[in-house]
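Okay, structure first, notes after.
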Amino acid sequence: MKPFEAPLGDILFSLDHVAQASDLPDWDADLAGEIGAHFAAFAQGEIAPLDEPGDMQGCRLENGRVLMPDGFDTAYAAYSEQGWPSLTAPEEFGGQGLGALMLAITSEVFSGANHSLQMVTGLVPGAVRTLLRFGTPDQKARYIPPLASGETLATMCLTEPEAGSDLSRVRCKATPEGSGWTISGEKIFISGGDQNMSDRILHLVLARTSDDGVKGLSLFLCPCTRADGSRNSVVVTRIEEKMGLHASPTCQLAFDGAEAELIGAEGQGLMAMFTMMNHARLDVALQGVAHAARSYDIACAYAAERVQGRGPDGSAVTLDQHADVRRMLDQIDWLAVSGRSLAHLAFVTMESETAPDLVDFLTPVAKVYCTEAGIKAAELGMQVLGGYGYLREYRLEQTYRDARITSIYEGANGIHARMLATRLAPGPAGDAFAGFVAQESARWGGAEISRALDTWQSARAQLADQDGAAQAHGFMQTTIDTVLTCIGARLRAAADHHDAPDRIKRICG
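Here the numbering used here = 1-based position in the sequence shown + 836.
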């Protein structure tokens, strides 16, 4: 089976020439390439080799503590020692102060190398972002440096057994006590709810401070240890048995009068939590891209070596010489390349800080398209390998299992589609997207983008006349088709900047 190889060239091409990060005043393509190369070498040498054994061994709960698979603690220690947790944290708190685009590079590589380990480490940037926006100076000073150093890892505690995606039903309760608060209740599906890699864990917990629906929810910082060094009253009651991500401990947590402190204003927990969630949603989009790219890498390498059948002249040929296999390989490649470009477009737009409405619109679109692309790519990759694709040894069955959750967590894709159709499209975010597509049409020429915009505008108008929620899935697909038309034009225009321009032009059609 082909070892993991980070698609660094594709990533840098996408950022520089498709999403056009080079237009940003503080973008340094050489520095990005250097940092990306260092992380790629680390991921290939130390993180990726743990992926398969970690999947087979899984996590275990012993004496109330979670133990990660063998070698994960050593890899995380190296990850921290090399400074990777501090990449985007501000320098004043011990970070390197780099932008989100650097994280887009390392995050995709990390997810492709070992999605489970990336899951446990990946919430730190969102926690730092939340602290920077809502934390007091004292909270920032106490919590950000250990997050940046790797001493502390973060969790996001939203979901409860009876609440699911309906956060108005959250019952975990926060009660004032002395100068702080205590939290009691239960949370489920908590990634990295406990582990033996970092010295400490900081739980960001959504809890109820009043009975006023979602307005009664507040956000709390709940460290795993109290000020005196004793364990806080947060207990792992079980590790969820999952289809994939076996090396990522998804925990059910019981809070029993756990000490905590409020972050942000009381009753504004959702606003604070969405700062963390919006970062996570684009990160999940890149997880889907990572699985698509990995599927292409495995399937392409296998098809180039496997001799099967005969060509038109009667000679034996490799699988990739058959038209249907070539079709599937190109489709997998397109899913990875186009998904990455869409996610990078959202990241670059976010970093420019010039079009927040467009970022709001692109985020759910990227989350839906990229996660479904990862699943579809894994499925197609298995088909290319035939019976061998169904076997564990070629790793595509793990890729499929691991990728499957991405369309469910951080908001199920149907929820994102409904939000797009009922809240975003009718308002300023929809106007921003229409303006963006019109600019793309003028910039790249041709009638294809213009026709796509007309189709999208017609679908948008129907949302006002009919039940938008009922049309959500179809409208999301129309939106994806529209933005991919723009992405295709960008890719064709930039293809000559890629090391394999003919490949890019071929998959764009």
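Virtual Cβ for every residue (Gly too), placed ideally from N, Cα, C. Being a predicted model, the structure only gives us computed values, none of them experimental.
Residue i vs residue j beta-carbon contact at 9 Å
i, j, result
"Thr1207", "Leu1118", "no"
"Ala1126", "Gly1210", "yes"
"Thr957", "Phe946", "yes"
"Phe908", "Met1109", "no"
"Asp891", "Asp1238", "yes"
"Pro1059", "His1039", "yes"
"Ala1202", "Ala1121", "yes"
"Phe1311", "Ala1257", "yes"
"Met1164", "Leu1216", "yes"
"Gly1028", "Ile1019", "no"
"Gln1088", "Lys1023", "yes"
"Thr1111", "Thr966", "yes"
"Ala1135", "Gly1145", "no"
"Ala842", "Ala865", "no"
"Pro889", "Asp906", "yes"
"Val1273", "Thr1318", "yes"
"Ser952", "His1115", "no"
"Pro885", "Leu923", "no"
"Arg1044", "Val1006", "yes"
"Arg1074", "Leu903", "no"
"Val854", "Ala1283", "no"
"Ala1268", "Leu1299", "no"
"Leu959", "Cys1008", "no"
Residue(s) in a DSSP beta bridge with residue i
i, result
"Ser1020", "Lys1009 and Asp1092"
"Val1070", "Phe1091"
"Pro1059", "Leu1038"
"Leu1098", "Phe1056"
"Ala1152", "Arg1146"
"Ser1027", "Thr1086"
For residue i, three-class secondary structure by DSSP
i, result
"Ser1054", "strand"
"Pro839", "coil"
"Cys895", "coil"
"Met904", "coil"
"Ile1075", "strand"
"Ser1046", "coil"
"Ile1316", "helix"
"Tyr979", "helix"
"His1334", "coil"
"Met1033", "coil"
"Pro1307", "It is Gln, not Pro, that sits at residue 1307 in the sequence shown. Looking at Gln1307 - three-state DSSP - the assignment turns out to be coil, as it is neither helix nor strand."
"Leu844", "helix"
"Gly935", "coil"
"Pro997", "coil"
"Gly1103", "coil"
"Asp1002", "coil"
"Leu1081", "coil"
"Leu1227", "coil"
"Glu1246", "coil"
"Asp1133", "helix"
Presumed contact (8 Å Cβ cut-off) between residue i and residue j, rounded CB distance
i, j, result
"Ser1004", "Ser916", "Rounded, the Cβ-Cβ distance is 38 Å, inconsistent with contact."
"Leu860", "Ser1188", "6 Å"
"Ile871", "Ile941", "7 Å"
"Phe1056", "Ile1026", "So it is not a contact: roughly 14 Å between Cβ atoms."
"Leu1232", "Ser1131", "6 Å"
"Tyr1205", "Ile1340", "The Cβ separation is near 19 Å, so there is no contact."
"Ser1066", "Ala1010", "Incorrect: roughly 20 Å between the Cβ atoms, too far for contact."
"Ala1253", "His1333", "Between His1333 and Ala1253 the Cβ distance is about 34 Å, and since that is not below 8 Å, they are no contact."
"Ala1139", "Val1161", "6 Å"
"Glu1229", "Met837", "6 Å"
"Gly933", "Pro926", "5 Å"
Residue range of the unbroken alpha helix (DSSP H) whose run includes residue i
i, result
"Arg965", "Val960 to Phe970"
"Ala1209", "Pro1192 to Leu1221"
"Leu867", "Ala865 to Phe878"
"Ile1343", "Pro1337 to Cys1344"
"Asp1169", "Ala1159 to Ser1188"
"Phe929", "Element bounds for Phe929: n/a, residue is neither H nor E."
"Val854", "No alpha helix (DSSP H) contains Val854, which DSSP labels as neither H nor E."
"Tyr1236", "Leu1232 to Arg1240"
"Pro861", "First-last for Pro861: undefined, no H or E at that position."
"Ser1294", "Ala1283 to Asp1301"
"Trp920", "Per DSSP, Trp920 belongs to no alpha helix (DSSP H) and is neither H nor E."
"Ala1268", "Pro1264 to Trp1280"
"Arg1254", "Asn1249 to Met1255"
Start-to-end residues for the beta strand (DSSP E) that takes in residue i
i, result
"Arg1146", "Val1143 to Arg1146"
"Met992", "Thr988 to Cys993"
CB contact check: residue i to chain C, cutoff 9 Å
i, result
"Ala1182", "Although the question refers to chain C, the structure presented lacks it and comprises just one protein chain."
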